[in-house]
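Okay, structure first, notes after.
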Amino acid sequence: MKILVCISNVPDTTTKIKLTGDQSAVDLANAQWIINPWDELALTRALELKEASAGKIDKVTVITVGDKNAEPTIRKALAIGADDAIRVDAAPADAFAVAYEVSEAAKAENFDIILCGIESSDYNGSAMGGMLSEFLGLPSVSSVSKLEIEGDQVKVNREIPGGNELVEPETPFVAIVQKGIAKEPRIPSMRGIMMARKKPLNVVAPAGATALTEFVAYQPPQPKAACKMIAAENVGELVELLHNEAKII
Amino acid sequence: MNFEFTEEQIMIKQAARDFAKKLETDVIERDYKAEFPTHQIKELSELGFLGMMIDPKYGGGGMDSLSYVMALEEISKVDSSVAVIMSVHNSLVTYGIEKYGTEFQKEKYLPIMVTGEKIGAFLLSEPEAGSDATSQKTLAEDKGDHYLLNGTKNWITNAHCADVYIVIAQTHPEKKHHGINALIVDKNTPGISLGPHEDKMGMRSSDTHSVMFTDVKVPKENRIGEDGFGFKFAMKALEAGRIGIAAQALGIAAGAYERSLQYSKERKAFGKLISQHQAIAFKLADMAVKIENARNLVHKAAWLKDTGKDFSLIGSMAKLYAADIAMEVSTEAVQIHGGYGYVKEYHVERLMREAKLTQIYEGTSEIQKVVISRRILMD
Numbered sequence: 030m031k032i033l034v035c036i037s038n039v040p041d042t043t044t045k046i047k048l049t050g051d052q053s054a055v056d057l058a059n060a061q062w063i064i065n066p067w068d069e070l071a072l073t074r075a076l077e078l079k080e081a082s083a084g085k086i087d088k089v090t091v092i093t094v095g096d097k098n099a100e101p102t103i104r105k106a107l108a109i110g111a112d113d114a115i116r117v118d119a120a121p122a123d124a125f126a127v128a129y130e131v132s133e134a135a136k137a138e139n140f141d142i143i144l145c146g147i148e149s150s151d152y153n154g155s156a157m158g159g160m161l162s163e164f165l166g167l168p169s170v171s172s173v174s175k176l177e178i179e180g181d182q183v184k185v186n187r188e189i190p191g192g193n194e195l196v197e198p199e200t201p202f203v204a205i206v207q208k209g210i211a212k213e214p215r216i217p218s219m220r221g222i223m224m225a226r227k228k229p230l231n232v233v234a235p236a237g238a239t240a241l242t243e244f245v246a247y248q249p250p251q252p253k254a255a256c257k258m259i260a261a262e263n264v265g266e267l268v269e270l271l272h273n274e275a276k277i278i
Numbered sequence: 009m010n011f012e013f014t015e016e017q018i019m020i021k022q023a024a025r026d027f028a029k030k031l032e033t034d035v036i037e038r039d040y041k042a043e044f045p046t047h048q049i050k051e052l053s054e055l056g057f058l059g060m061m062i063d064p065k066y067g068g069g070g071m072d073s074l075s076y077v078m079a080l081e082e083i084s085k086v087d088s089s090v091a092v093i094m095s096v097h098n099s100l101v102t103y104g105i106e107k108y109g110t111e112f113q114k115e116k117y118l119p120i121m122v123t124g125e126k127i128g129a130f131l132l133s134e135p136e137a138g139s140d141a142t143s144q145k146t147l148a149e150d151k152g153d154h155y156l157l158n159g160t161k162n163w164i165t166n167a168h169c170a171d172v173y174i175v176i177a178q179t180h181p182e183k184k185h186h187g188i189n190a191l192i193v194d195k196n197t198p199g200i201s202l203g204p205h206e207d208k209m210g211m212r213s214s215d216t217h218s219v220m221f222t223d224v225k226v227p228k229e230n231r232i233g234e235d236g237f238g239f240k241f242a243m244k245a246l247e248a249g250r251i252g253i254a255a256q257a258l259g260i261a262a263g264a265y266e267r268s269l270q271y272s273k274e275r276k277a278f279g280k281l282i283s284q285h286q287a288i289a290f291k292l293a294d295m296a297v298k299i300e301n302a303r304n305l306v307h308k309a310a311w312l313k314d315t316g317k318d319f320s321l322i323g324s325m326a327k328l329y330a331a332d333i334a335m336e337v338s339t340e341a342v343q344i345h346g347g348y349g350y351v352k353e354y355h356v357e358r359l360m361r362e363a364k365l366t367q368i369y370e371g372t373s374e375i376q377k378v379v380i381s382r383r384i385l386m387d
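Chains as they are written, first to last, in my numbering: chain A, 30 to 278; chain B, 9 to 387.
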């Protein structure tokens, strides 16, 4: 059995967001790059499953679409414990392009379970996993918060409003995972870090997907207005401000 | 000159930072109760930090000293008790065995020490021999095939949790420091007893005891180096140890600074953030400069060690400077926090208590000045 984990290379979630002068892009010149937190949890779960599988799961592969700058993030995934990695050498233009590139690169290997984080912490599109399963012609399960393998049966827990849905999908399938899939991300060990450069990182040429999305402009959120304090006895003033200034009633 | 870190070094720093984040959850409580970080040390060893610089052929990580000091800095930002356990184990004990031990000693001890299965302690200080390490009273009498150890060692970090002791003791008192030997001693050897847990000012969750030896038999094969090499061995091990303690002091300073910076951007006084008051902003600027200087010294010392050059002078400078600025920066951090700084919840009072020890152990600040002045006057 083989597991593929799709990882996004995203700016650290503590990065201060700045826009370029013309507001056409996010200025990430000084950003630290990390594995998208949901993908990191997916990877952790994949490794837990492999370790508990008594050799049934041969390997865990990670894949990302990105240029050479994404390699430190990929090597961190290898240091954490992935067996090998694929980098599709293209800019991750949009969810459609990324999903297509991943599907093309993954086809040949016939992975049994493909894990994707529910969203990436940069653009939060939540679209890639569903598109990927469509391109691969595989079923997908979304909002997966638990994934177990019992014997030959995969058991998946989906969080739905008001409860949980238990699904027993046939492999191969795509699982779009969310928080809860693993307790916490793993810290790479010294041995893992040392081994990371020795593990295969296969760079493949892109299949040539065209992005369907165009980013027109970015706008920073409006700065928070100062809080206005109104004395309890001046209810009239409060109503007037809510009507005419805040315009919410 | 190249100030760029490698990808691995950055990854190690990040791993240490992620580990340190977990220490934060109970560091105040452990300090208060003087409770040993048992499961934290287990995780530290699982991550490979307890053997990170040891040759992979003994199961170590084969990392350089620069990676090591970067990791120690990150851990010390949060919890110096964990950092000192790691520092003594790595820089004094496993380093000492790997660098000066026989192949038999390396194969016997290193593989079980890099996994953290056995922790190391370094027993040099005595009730009447601290900075004056030549005045060793502990005796290691030569009995042919073994040494017979008698005496008392004081202020021993890891005394309780460790299984592998390196004991410095006098064999030939007439030869003064040329008669001293360094012996590897298994803690469970009959005749070893521990004094009570020292109730310390800071680093309270590391275990510190005095250790008494009464007719303890140590096989000859456990001696490190030639007969009489012990004092030189201790000085060499401490030279390396200093870089670790310098990194620890740097981490304390950096931790206190980072907390102050954050706090100054949240706390308001006189209608504006305290960071907008020059009195606070200038304190932060002074802290930042001192930390940058200390970091450069610590990294240079590690680089000298990694490239096989003499690191004793810069190592002493790094230890002296980092320890002194750790004290200054952590004291100012308490001042910036005001009343909040004086209570435990905000961490900085603990960092200040921890900083004090870095000026004392593994060579006091005054001893560093002896080392430095001798060197600069000699050259």
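Glycine residues also receive a C-beta, built at the ideal position from the N, C-alpha and C atoms.
- At a beta-carbon threshold of 9 Å, the residues of chain B lying near arginine 104(A) are Glu15, Glu16 and Met19, ordered along the chain.
- Contact between arginine 38(B) and serine 213(B) is confirmed by a C-beta separation of about 4 Å, below the 8 Å threshold.
- In this structure, lysine 184(A) sits near leucine 195(A), with a CB-CB distance shorter than 8 Å.
- For serine 150(A), DSSP assigns no beta-bridge partner whatsoever.
- For serine 201(B), the closest C-alpha among the options Lys225(B), Phe130(B) and Met220(B) is that of Met220(B).
- Taking 8 Å as the cut-off, the Cβ atoms of glutamate 12(B) and arginine 104(A) do not count as close.
- Between phenylalanine 319(B) and chain A, the shortest Cβ-Cβ separation is not below 8 Å.
- By the rule that beta-carbons nearer than 8 Å mark a contact, proline 217(A) touches chain B.
- Bridge partners of proline 40(A) according to DSSP: Trp62(A).
- The shortest C-alpha to C-alpha distance from glutamate 133(A) to any of Ala236(A), Leu270(A) and Ala240(A) is the one to Ala236(A).
- The Cβ of methionine 224(A) sits no closer than 8 Å to any Cβ of chain B.
- Between phenylalanine 278(B) and chain A, the shortest Cβ-Cβ separation is not below 8 Å.
- The Cβ-Cβ distance between glycine 110(A) and glycine 221(A) falls below 8 Å.
- For the C-beta of phenylalanine 11(B), not a single chain A residue is nearer than 9 Å; the gap to the nearest is close to 16 Å.
- Look at the stretch 227-282 of chain B and you find no whole run of beta strand (DSSP E) that is 3 residues long or longer.
- Residue contact check for methionine 220(B) against chain A: no CB pair falls below 8 Å.
- Residue-level contact by beta carbon holds for leucine 55(B) and chain A, with a gap shorter than 8 Å.
- Under the Cβ criterion (8 Å, minimum of three pairs), the stretch 223-232 of chain B does not count as touching the stretch 44-55 of chain B.
- Of the residues assessed, alanine 238(A) falls on the buried side of the cut-off, its CB having 16 or more other CB atoms within 10 angstroms.
- Assignment of serine 132(A) by DSSP, reduced to helix, strand and coil, places it in the helix class.
- Taking a C-beta cut-off of 7 Å against chain B, the contacting residues of the stretch 220-253 of chain A are Arg220, Ile222 and Met223, listed in chain order.
- Contact note: alanine 108(A) reaches chain B through Glu16, Met19 and Ala23, using a C-beta cutoff of 9 Å and chain order.
- When DSSP states are grouped into helix, strand and coil, arginine 116(A) belongs to the strand group.
- In the three-state scheme derived from DSSP, where H, G and I count as helix and E and B as strand, tyrosine 173(B) is classed as strand.
- Contact between methionine 223(A) and glycine 70(B) is confirmed by a C-beta separation of about 6 Å, below the 8 Å threshold.
- For alanine 264(B), the CB contacts under 7 Å within the same chain, skipping 5 residues up- and downstream, are Val337, Ser338, Ala341, Val356 and Leu359 in chain order.
- For aspartate 26(B), at least one C-beta of chain A is nearer than 8 Å to its own C-beta.
- Phenylalanine 221(B) sits in a strand when the DSSP states are folded into three classes.
- Residue environment for methionine 209(B): exposed (fewer than 16 other C-beta atoms within 10 angstroms of its C-beta).
- In the structure shown, the three-state DSSP call for alanine 190(B) is strand.
- For the stretch 35-69 of chain A, the set of residues with a beta-carbon nearer than 8 Å to any beta-carbon of chain B is empty.
- Around the beta carbon of alanine 310(B), a 10 Å sphere encloses 16 or more other beta carbons of the protein chains shown; the residue is thus reported as buried.
- Counting along the chain, the unbroken alpha helix (DSSP H) around leucine 385(B) starts and ends at 373-386.
- Across the structure, alanine 135(A) and lysine 276(B) are spaced so that their CA atoms are roughly 54 Å apart.
- Judged by DSSP in its simplified three-state form, valine 351(B) adopts coil rather than helix or strand.
- Beyond the five residues adjoining it in sequence on each side, valine 306(B) comes within less than 8 Å, by CB distance, of Val77, Glu81, Ile251, Ala254, Ala255, Leu258, Ala326 and Ala330 in the same chain, given in chain order.
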